[in-house]
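Residue numbers (my numbering): 267 to 553.
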Amino acid sequence: MKVEPLTPVIGAEVSGVDLTALSEAEFDWLHELFVLHSVLFFRDQPRLEPAAQVAFARRFGPLHAHPAAPTLEGHPEVFVIHAHAESKVANGNGWHTDVSCDAEPPLATMLQLHELPPSGGDTLFACMYAAFETLSASMQEWLMTLGAHHESEHIYRGRYADRGVDDSTRTYPRALHPIVRTHPQSRRQALYVNPSFTTRIEGLSPQESNAVLQMLFEHQQRAEFQVRFRWTPNAVAIWDNRCTQHFALWDYWPETRKGHRVTVKGEAPYLDPQPPVQKRMRLSRTL
Ligand code: SIN
């Protein structure tokens, strides 16, 4: 197994691993890498059967049910990512953290892409630990006292009508989360607002809230917090939604990009105001 960190703050490519046949010890090691690097990429994978992808994702915990997206027939845990010449929208084409509007947003997302455009269709990931840690101490302290509303009606209503979803009677989730959240394993603090779902800061006037959110959205998109993944057929990415954001670039229209996404359920975000015990986790074991 080979691990190649891609930037100093986020992302590592892992090779020489069969995701469908990991021993307990190998999975624990992979999980530590996941917590350490926040997003892992695997290129040398066969096309995973839906059941195999679901089984692997389940090793991270119970799976999350998406509030809006249609699923693969016979596999309700699999969300089909598919953009093509007739698409009016493409999933993930803007900075976001998956389904942060849920009271218990997803912990992790695993995506395998099977069909790629000849060029383009990269996914960008950004490190929200770095975004928080590079704010001034005064700003950090203030943000730690605040919560923000995350909503989804404006994103999901009618979104999947072209795939036969009638959502006229559905209600979409909304939640109030701390602006800074503590990662339960790394113990680091991460900035937890994103321009897709976060609509306003609790307790501020609309003008104040817009100004602060705009500043945070611009700050968290700095290039030095990012890694950009150039997909190859059947590559797999697994990202930690508790400390990252991502942006799936739709720069390839009218070409097709297709794959399967499975998402792991998370817990309600919380803030532990104690300083993190470790600034940066270290791997405690090697195989
Ligand atoms: C997503 O936001 O889940 C989609 C990511 C991608 O298609 O690269």
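Even for Gly, the Cβ is constructed at its ideal location relative to N, Cα and C.
* To do: Report yes if the CB atom of A287 is closer than 7 Å to the CB atom of L377, and no otherwise.
  => No.
* With which residues is A392 paired in a DSSP beta bridge? -> Beta-bridge pairing links A392 to Q492 and Q511.
* Asked: Going by the C-beta, is T286 closer than 6 Å to any heavy atom of the ligand SIN?
  -> In this structure, T286 has its beta carbon at no less than 6 Å from each heavy atom of the ligand SIN.
* Asked: Taking 6 Å as the cut-off, is the CB of A514 close to at least one heavy atom of the ligand SIN?
  -> The answer is yes for A514.
* Are there three or more Cβ pairs, one per stretch, closer than 8 Å when the segment 521-528 is compared with the segment 342-355? -> A contact exists between the segment 521-528 and the segment 342-355.
* For D433, the three-state DSSP class (helix, strand or coil) -> Reduced to three states, the DSSP call for D433 is coil.
* **DSSP beta-bridge partners of G413** => Under DSSP, G413 forms a beta bridge with P444.
* Is N507 near the ligand SIN, in the sense that its beta carbon is under 6 Å from a heavy atom of that ligand? -> Not so, every heavy atom of the ligand SIN lies at least 6 Å from the Cβ.
* To do: Along the beta strand (DSSP E) that carries S281, what are the first and last residues, could you check?
  => Unbroken beta strand (DSSP E) run through S281: A278 to S281.
* Asked: Which one or two residues does DSSP pair with G525 in a beta bridge?
  -> According to DSSP, which records beta bridges pairwise, G525 is partnered with I347 and L379.
* **Which listed residue (F293, V320 and L306) has its alpha carbon closest to that of T389** => Minimum Cα distance to T389 is reached at L306.
* **Three-state secondary structure (DSSP) of H554** => Because the chain here runs from 267 to 553, residue 554 falls outside it and cannot be looked at.
* **Proximity to N460 [Cα-Cα], best of W497, G387 and D364** => Residue D364 is the option with its Cα nearest to N460.
* Asked: Between A397 and P316, what straight-line distance do the alpha-carbon atoms span, to the nearest angstrom?
  -> A straight-line Cα-Cα distance of about 35 Å links A397 and P316.
* Can you grab the Cα-Cα spacing for the pair P372 / P384, in whole Å? => C-alpha separation (whole angstroms): 31 Å.
* **Cβ neighbour criterion (16 or more within 10 Å) applied to A335** => The residue in question, A335, is buried, as its Cβ has 16 or more Cβ neighbours within 10 Å.
* Asked: How would you call D368, buried or exposed, if buried means at least 16 neighbouring beta carbons within 10 angstroms?
  -> Buried, by the Cβ-count rule.
* Which residues share a DSSP beta bridge with K249? -> Since the displayed the chain opens at 267 and closes at 553, residue 249 lies outside it and no answer follows.
* To do: Going by CA-CA distance only, name the one from I445, Y536 and A356 that's closest to G469.
  => When the alpha-carbon of G469 is set against those of I445, Y536 and A356, the nearest one is in I445.
* Asked: What is the DSSP secondary structure of V320, reduced to helix, strand or coil?
  -> V320: helix per DSSP, three-state reduction.
* Asked: Of the choices G360, L302 and H297, whose alpha-carbon is the least far from that of V275?
  -> For V275, the closest alpha carbon among the candidates G360, L302 and H297 is that of L302.
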